[in-house]
Amino acid sequence: MQARTKKTLALITVGLVVTAVAFVGVLYALIRDSDPRLPEITAFAHGHAEQVAPLAFCNLYLENCETGRLAELDVPPGSALQLSLPQEIVDAPWRMVVVYQDPSGQVVVQERAHRAGETRAVTVPSTEELQLAGVEIQLPSAVIDEQGLTQARAAWSIKTA
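Every number in the working numbering is 57 more than the matching position in the sequence shown, counting from 1.
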């Protein structure tokens, strides 16, 4: 290889390295200053999908809490609500509270606890006999109330009726 060719290749290499370093620096600055995103549940029903942010999200000791909004997604009787859970929920023990309403207006509440790693998705039915009114996914905290119950540190709430 000629000296001129070597010099040209060296300049091109230096230019590429400088460009790569600048790109990584800009990318780092953007990521460093961005707000961390809270985990979201994907809810799907009746042909519509919704990203559900937490209604409340605290650390393990119920400190540094952030609040969000109640999500709404129509789930007609005879349909089902499908929930796809983020890794932050899947990797922890969690509880699902399901609220139904029967034709007389009576409210029926069902709760189910899940172990860490047990499932990544759940399907919640809605029937004519028990119309789905809402669902809440909860992560437990390290705080126990006066009745000896674990307080939720995070909750994703969906109103469905």
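Glycine is no exception: its CB is placed at the ideal position from the N, C-alpha and C atoms.
Backbone CA spacing between residue i and residue j [nearest angstrom]
i	j	result
E193	T124	15 Å
T207	H171	14 Å
S141	Q163	29 Å
T176	P143	11 Å
P93	A100	21 Å
A59	L95	The identity of residue 59 in the sequence shown is Gln, whereas the question assumes Ala. For Q59 and L95, the distance between alpha carbons rounds to 57 Å.
W222	Q108	Outside the modelled stretch of the chain, which goes from 58 to 218, sits residue 222, for which no answer is possible.
P160	A102	21 Å
Y157	K216	11 Å
P197	C115	10 Å
Residue from the options whose Cα sits closest to the Cα of residue i
i	options	result
V147	Q195, Q59 and T217	Q195
E145	E97, H103 and S214	E97
P182	L117, V155, R210 and E203	V155
L117	E129, A199 and A218	A199
A218	G174, A110, L127 and E120	L127
D202	G104, R169 and L119	L119
G104	L130, G174, N121 and R169	L130
Exposed unless 16 or more other CB atoms sit within 10 angstroms - verdict on residue i
i	result
L112	buried
V132	buried
V166	exposed
R210	buried
T180	exposed
A178	exposed
L189	buried
T184	exposed
G191	buried
For residue i: DSSP bridge partner residues
i	result
S141	T99 and A178
G191	V156 and K216
A113	T124 and A212
L196	A211
C-beta neighbour in chain B for residue i, strict 8 Å
i	result
R169	Included in the structure is just one protein chain, with no chain B present.
**Message:** Check whether the region 150–163 and the region 121–137 touch, using three or more Cβ-Cβ pairs below 8 Å as the test.
**Reply:** no
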